[in-house]
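For reference, the structure discussed in these notes is given below.
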Amino acid sequence: RRSWAEPYKIKAVEPLHMTTREQRERAIADAGYNTFLLHSRDVYIDLLTDSGTNAMSDRQWAAIMLGDEAYAGSENFYHLEKTVREVYGFKYLVPTHQGRGAENILSSTLIRPGHHVPGNMYFTTTRYHQEANGATFHDVVVDEAHDTSSDFEFKGNVDLAKLERLIDEVRADQIPYVCVAATVNMAGGQPISMDNMRAVRELTARHGIPIYLDATRAVENALFIQERDEHYAGTPIAEILKEFCSYADGATMSGKKDPLVNIGGWLSTNDPDVYEEARNLVVVYEGLHTYGGMAGRDMEAMAVGIRESVRDDHMKSRIGQVRYLGMLLEEWGIPFVKPIGGHGIFLDARAFYPHLDQEQFPAQTLAAELYLDSGIRAMERGIVSAGRDPVTGEHRRPKLELTRLTIPRRVYTQAHMDVVAEAVKECFDQRESVKGLRMVYEPKYLRFFQARFEPL
Ligand code: F0G
């Protein structure tokens with residue numbers, strides 16, 4: 013097999029900061045052992061997230077100069093609207109400052125207290141807005157998604173039996189929509205198949221329930237469909253994406269991922285009534301319905317980024333880099349979620365630290381250890397991220413206790429991936445001496461962002 017390479021060359025560079033072990037010890041203690049609270053100047057390779065960390069192309073930077081900064085009716089809005097219509101296929105567009113802005117508007121438009129919202133696994137901000145509007149969230153993802161040892165190829169699939177059981181139990185009129193994420197972030201960036209999406213569409217159509225996609229990484233999902241479903245082997249990603257979206261009634265989008273920009277988002281829908289209500293709400297929370305919290309130049313850069321994001325060569329290189337890192341870790345027997353997902357490697361912190369209880373925060377601990385070793389910044393996706401049950405007030409104890417190495421798009425090189433893999437190996441070799449953390453400050457909402465810890 014021949015090597016792959018990035019389908020671009022580098023035109024501008026940004027220096028990285030290296031630190032000493034002593035500096036890192038001080039920095040992580042000051043940050044309460046929470047990588048979200050580190051200053052980025054103290055970070056060497058930043059794998060906290062793939063959100064808003066993308067490198068823009070020269071075409072996108074050129075587009076920035078075409079910003080039409082009118083309060084109302086910016087030219088860039090119409091360009092973005094046309095692009096979303098053509099690439100994703102949705103009719104109406106409501107721009108927002110980022111994904112959670114769209115989630116807020118969708119949830120307050122469709123959810124009433126007592127409603128039930130099924131989803132293929134939760135995402136932190138998405139579930140927050142559903143619950144804040146009075147709904148109960150129900151995880152209807154296939155069981156394989158919660159099993160780090162399963163190598164099922166479409167771990168993002170909806171379990172149709174679970175969904176049907178829920179519809180029978182709570183009745184269709186209490187389900188304002190089914191939330192389908194592609195790919196599923198919390199399961200490790202795992203895809204949902206076209207067949208499954210079509211089947212969810214058929215089932216919900218019988219009951220008159222709409223589907224709203226979390227389309228944040230839907231282009232990445234399309235690559236997996238191209239690779240794993242022989243029916244789509246020769247189909248361009250752009251076409252796969254469009255068919256996939258045709259089974260949904262609309263979508264929320266964080267422009268900070270697939271669309272290759274640093275800020276922005278949108279809500280789209282084919283339903284004129286939802287559009288009407290969302291367009292009313294957006295002016296309250298985000299800004300006028302032709303900018304929604306984005307500058308004109310940001311909308312222009314996103315319109316260009318969306319076109320770049322659906323190119324097969326881009327997506328192959330993007331996911332190819334994640335796989336390269338995964339293959340190195342695999343060779344060294346490091347435990348992580350398989351198959352390798354779209355936007356990062358999810359280390360299995362339970363398998364790193366079998367001697368720690370989940371309430372000693374193994375994934376949070378691993379993120380801190382990795383930073384201490386080499387200045388690499390990862391993110392907890394385990395019990396801290398899962399938060400507390402709104403009814404019982406107890407920790408939700410997710411099966412998955414993961415530390416995420418998230419790869420920003422077009423930012424780091426293969427040599428950086430080598431360095432990351434070596435650092436993870438070092439932490440793995442030292443795993444037995446690690447003692448865990450205790451939480452000393454816990455915020456009320458989305459606690460993982462600002463919680464503070466101390467070593468045990
Ligand atoms: N949906 C998914 C699947 C996401 O991954 C995110 C953000 C959002 C919605 C919310 O979008 O950040 O633009 O408000 N995920 C980031 C992450 C924060 O690091 O995984 P946002």
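Sequential numbering of the sequence shown, starting at 13, is according to the UniProt record's numbering. All C-beta atoms, glycine included, are put in the ideal place defined by N, C-alpha and C.
For R323: DSSP bridge partner residues: In the DSSP output, where bridge partners are listed per residue, R323 has none listed.
Taking the alpha carbon of N292 as the reference point, which residue from N116, D80, M306 and A24 has its own alpha carbon closest? Comparing Cα-Cα distances from N292 to each of N116, D80, M306 and A24, the minimum goes to N116.
Element boundaries [alpha helix (DSSP H), containing W73]: Its alpha helix (DSSP H) spans residues D70 to I76.
What separation, rounded to the nearest whole angstrom, lies between the Cα atoms of L449 and D441? 19 Å
Would you tell me roughly how many angstroms separate the C-alpha atoms of E156 and Q202, rounded to the nearest one? 11 Å
Spatially closest choice to E434 from D401, Y383, Y457 and H407, by CA coordinates: When only C-alpha atoms are compared, the closest one is Y383.
Beta-carbon spacing of I275, H109 below 9 Å: In contact: I275 and H109 (Cβ atoms closer than 9 Å).
Could you check the C-alpha separation between Q370 and A234 for me, to the nearest Å? 34 Å
Output yes or no for whether 9 Å exceeds the beta carbon distance between V152 and V170. Less than 9 Å separates the beta-carbon of V152 from that of V170.
When the Cα atoms are used, what is the spatial distance from T425 to E444? 31 Å
Going by DSSP, name the residue or residues bridged to D285. Under DSSP, D285 shares a beta bridge with no residue.
According to the Cβ coordinates, are F460 and N145 closer than 9 Å? no
Residues near Y453 by beta carbon distance below 8 Å, same chain, minus five either side: G44, Q462, A463 and R464
Please state if the CB of D54 and the CB of G387 are separated by a distance shorter than 9 Å. yes
So does A193 have its beta carbon nearer than 8 Å to some heavy atom of ligand 1? yes
Mind listing, in chain order, the residues whose beta carbon lies closer than 6 Å to a non-hydrogen atom of ligand 1? T61, S63, Q110, G111, R112, F135, T137, T138, A193, N197, D226, T228, S266, K268 and G277
The alpha helix (DSSP H) that contains K216, what's its start and end? Just to set this straight, residue 216 is Thr in the shown sequence, not Lys. Taken as a continuous stretch (DSSP letters only), the alpha helix (DSSP H) holding T216 covers M206 to H219.
The beta strand (DSSP E) that contains A24, what's its start and end? No beta strand (DSSP E) holds A24; DSSP gives it neither H nor E.
N- and C-terminal bounds of the beta strand (DSSP E) containing Y224: I223 to D226
Would DSSP call H91 helix, strand or coil? helix
Is the stretch 352 to 362 close to the stretch 185 to 203, with three or more CB pairs under 8 Å? yes
Report the option in S63, L341 and A398 whose CA atom is closest to the CA atom of E438. L341
Looking only at C-alpha atoms, which of K23, D310 and Y83 sits nearest to G64? D310
What's the C-alpha gap between P347 and A250? 33 Å
Once the 5 residues before and after I13 are set aside, which same chain residues still bring their CB inside 7 Å of it? In the sequence as presented, Ile is not what sits at residue 13; that position holds Arg. Closer than 7 Å at the Cβ level, and outside the excluded window around R13, lies no residue.
Is it right to say A379 is buried, meaning 16 or more other beta carbons lie within 10 angstroms of its own, or is it exposed? buried
Work out the CA separation of A315 and T95 for me, nearest whole Å. 6 Å
So which of R213, S205, V212 and H150 has the shortest CA-CA distance to Q186? H150
Specify, as a first and last residue, the run of the beta strand (DSSP E) that F358 falls within. G356 to D360
Does the Cβ of H51 have 16 or more other Cβ atoms within 10 Å, making it buried, or fewer, making it exposed? exposed
Which listed residue (V212, E87, H219 and E98) has its alpha carbon closest to that of H301: E87
Counting C-beta neighbours from all protein chains within 10 Å, is the total for residue 473 16 or more, i.e. buried, or is it exposed? One cannot answer for residue 473 here, as it falls past the ends of the chain, which runs 13 to 468.
Is E413 near G399, with beta carbons less than 9 Å apart? Contact: no.
Is it a yes or a no for the stretch 186 to 196 touching the stretch 126 to 141, going by three-plus beta-carbon pairs under 8 Å? yes
Taking the alpha carbon of Q372 as the point to measure from, which residue in E165, V396 and R422 has its own alpha carbon closest? V396
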